[in-house]
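Down below is the structure, laid out as structure tokens.
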Ligand code: C5P
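In our numbering, the protein residues as written are 173 to 599.
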């Protein structure tokens, strides 16, 4: 996106932030973490795009990168103290609304995120956050355990509910040697997010006014009262799609089977643990949706007669479970579809899988099929990343490199959203 496309935000007193057309005044908060050095890159890119940047830092951030570096690059005084003194004149947090278009916090530590979520104002940075009336973009960075902790998930949900724009961390090698989610998003991705928000959110909210139905997780088909036939789907891909669609402005309904992940604000969840329950829930929700993304791993077979009690193993050395086919929900809904966009998944095993996925798209008559190879380590179930090929719409086919499930979700929505916009209803 070009800086010249920015819709100007007029501040509460009627003055726009920057006096130049097309550029913004940004207040950038930097918190403590090894990723703080990457904020220098973020600052540099923002400046290259013509934006003015003023920096406030927490005391912990100063232990990683000196304020002098930010002062030298921004050409402005850096705020670090809540109360100025003769050494450090301070940046008055009540000045934040004076001509600032957007506040960015990158990297945002678990601690600062928690303070922001609870409305505590013990640092200059969090005081600025509370006093600021414009849009806020937050790019978290922390180790995987902290990122996955339920307290952090809760705080992130609160920030989202408060209207903060999140730039989700990436998965990869972290400073502590662990591999997992928590690494600060790339500086270019952070700047893209900032500019999408500055642009009035039109580019970022291309699904506004639409309803997206997503199935997620893996069904479990009972053998008896305690045993089931299931699969390894974690629900992460469906969760990532739901968050991405919500952030792009859609009303999102997730029909979920056995997903043990934190639920997010702004998404409606319907529980459907078996193939039959998922079919019922999808059929009930389908008429109200503009786009269906069938991401769940739905059982193809289920035991014909599940025992009502627990099967007694002392009665026989071998057990034969008779299975019957389940209904293919996607194919069934495809036959019922009106002005709706349909996206299916195909988790295939091995090199011929791509061809099978192409065939599935034709057979089930859906717009897009997302293929992933379940035989490749980290390419389908359970992991934070995926390696996908987006088959369709039309003749197009995109084989993408390994990337986080959130990034995959964005690419899938990039492919599917123009189809929704082209629906006769103009959804
Ligand atoms: O044919 P296959 O099961 O591989 O197709 C996968 C796609 O079909 C996925 O989108 C999955 O969610 C969907 N599916 C379905 N109902 C089933 C089995 C799979 O909707 N019973």
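In this text, a Cβ means the ideal position worked out from N, Cα and C, and glycines have one as well.
Keep in mind it's a predicted model, so treat the numbers as computed, not measured.
Thinking C-beta only, is residue j closer than 7 Å to residue i?
i: residue 601; j: residue 324; result: Residue coverage of the chain in this structure runs from 173 to 599, which leaves residue 601 outside it and unanswerable.
i: residue 195; j: residue 231; result: no
i: residue 214; j: residue 278; result: yes
i: residue 556; j: residue 343; result: yes
i: residue 406; j: residue 554; result: yes
i: residue 591; j: residue 515; result: no
i: residue 272; j: residue 199; result: yes
i: residue 403; j: residue 469; result: yes
i: residue 545; j: residue 525; result: yes
i: residue 252; j: residue 239; result: yes
i: residue 474; j: residue 393; result: yes
i: residue 280; j: residue 250; result: no
i: residue 308; j: residue 268; result: no
i: residue 538; j: residue 463; result: no
i: residue 560; j: residue 529; result: no
i: residue 228; j: residue 204; result: no
i: residue 409; j: residue 536; result: no
i: residue 274; j: residue 247; result: no
i: residue 340; j: residue 589; result: no
i: residue 517; j: residue 493; result: no
i: residue 424; j: residue 414; result: yes
i: residue 295; j: residue 327; result: no
i: residue 447; j: residue 332; result: no
i: residue 584; j: residue 359; result: no
i: residue 587; j: residue 540; result: yes
Taking the alpha helix (DSSP H) that residue i falls in, what are its first and last residues?
i: residue 219; result: 210-220
i: residue 231; result: 231-236
i: residue 553; result: That residue, residue 553, is in no alpha helix (DSSP H); it is neither H nor E in DSSP.
i: residue 134; result: Since the first residue shown for the chain is 173 and the last is 599, residue 134 is missing from the structure and cannot be characterised.
i: residue 283; result: 282-290
i: residue 363; result: 359-370
i: residue 199; result: First-last for residue 199: 197-202, but that is the beta strand (DSSP E), not the alpha helix (DSSP H).
i: residue 254; result: Unbroken run through residue 254: none, as it is neither H nor E.
i: residue 535; result: 525-536
i: residue 239; result: 239-246
Would you kindly report the start and end of the unbroken beta strand (DSSP E) that includes residue i?
i: residue 380; result: First-last for residue 380: undefined, no H or E at that position.
i: residue 355; result: 351-355
i: residue 343; result: 342-345
i: residue 517; result: 513-520
i: residue 311; result: 308-312
i: residue 561; result: 560-563
i: residue 302; result: That residue, residue 302, is in no beta strand (DSSP E); its alpha helix (DSSP H) goes 296-303.
i: residue 502; result: Premise fails: residue 502 lies in the alpha helix (DSSP H), 501-508, not in any beta strand (DSSP E).
i: residue 545; result: 540-545
Can we say the stretch 305-318 touches the stretch 348-361, given the rule of at least three CB pairs closer than 8 Å?
-> Contact holds: three or more Cβ-Cβ distances are below 8 Å.
Ranges of the beta strand (DSSP E) found wholly within the stretch 417-496, counting only runs of at least 3 | 423-429, 439-443, 463-466, 473-475
Evaluate contact between the stretch 456-472 and the stretch 502-510, counting only Cβ atoms and requiring at least three cross-stretch pairs below 8 Å.
-> Under the 8 Å Cβ criterion, the stretch 456-472 counts as touching the stretch 502-510, having at least three qualifying pairs.
Touching by the beta-carbon criterion (3+ pairs, under 8 Å), the stretch 409-424 and the stretch 472-481 | With a cut-off of 8 Å, the stretch 472-481 and the stretch 409-424 do not count as touching, because too few Cβ pairs lie within range.
Are the stretch 393-406 and the stretch 286-295 in contact at 8 Å, needing three or more beta carbon pairs?
-> no
Below 8 Å, can you find three or more Cβ-Cβ pairs linking the stretch 361-368 to the stretch 443-451?
-> no
List in chain order the residues whose CB is within less than 5 Å of at least one heavy atom of the ligand C5P.
-> 466, 468, 470, 498, 500, 501, 502, 516, 517
Is there contact between the stretch 376-395 and the stretch 426-433, where contact requires at least three CB pairs shorter than 8 Å?
-> Touching, yes.
Any 3 or more C-beta pairs closer than 8 Å across the stretch 233-242 and the stretch 202-209 = Yes, since at least three Cβ pairs between the stretch 233-242 and the stretch 202-209 fall closer than 8 Å, the two stretches touch.
Mind the definition here: the stretch 544-560 touches the stretch 491-504 only if three or more C-beta pairs lie below 8 Å; say whether that holds.
-> Counting C-beta pairs with one atom in each stretch, the stretch 544-560 and the stretch 491-504 have fewer than three that are closer than 8 Å, which means they do not touch.
Of all the alpha helix (DSSP H) runs that stay within the bounds of the stretch 566-595, which reach a length of 4 or more residues?
-> Runs of the alpha helix (DSSP H) inside the stretch 566-595: 577-593.
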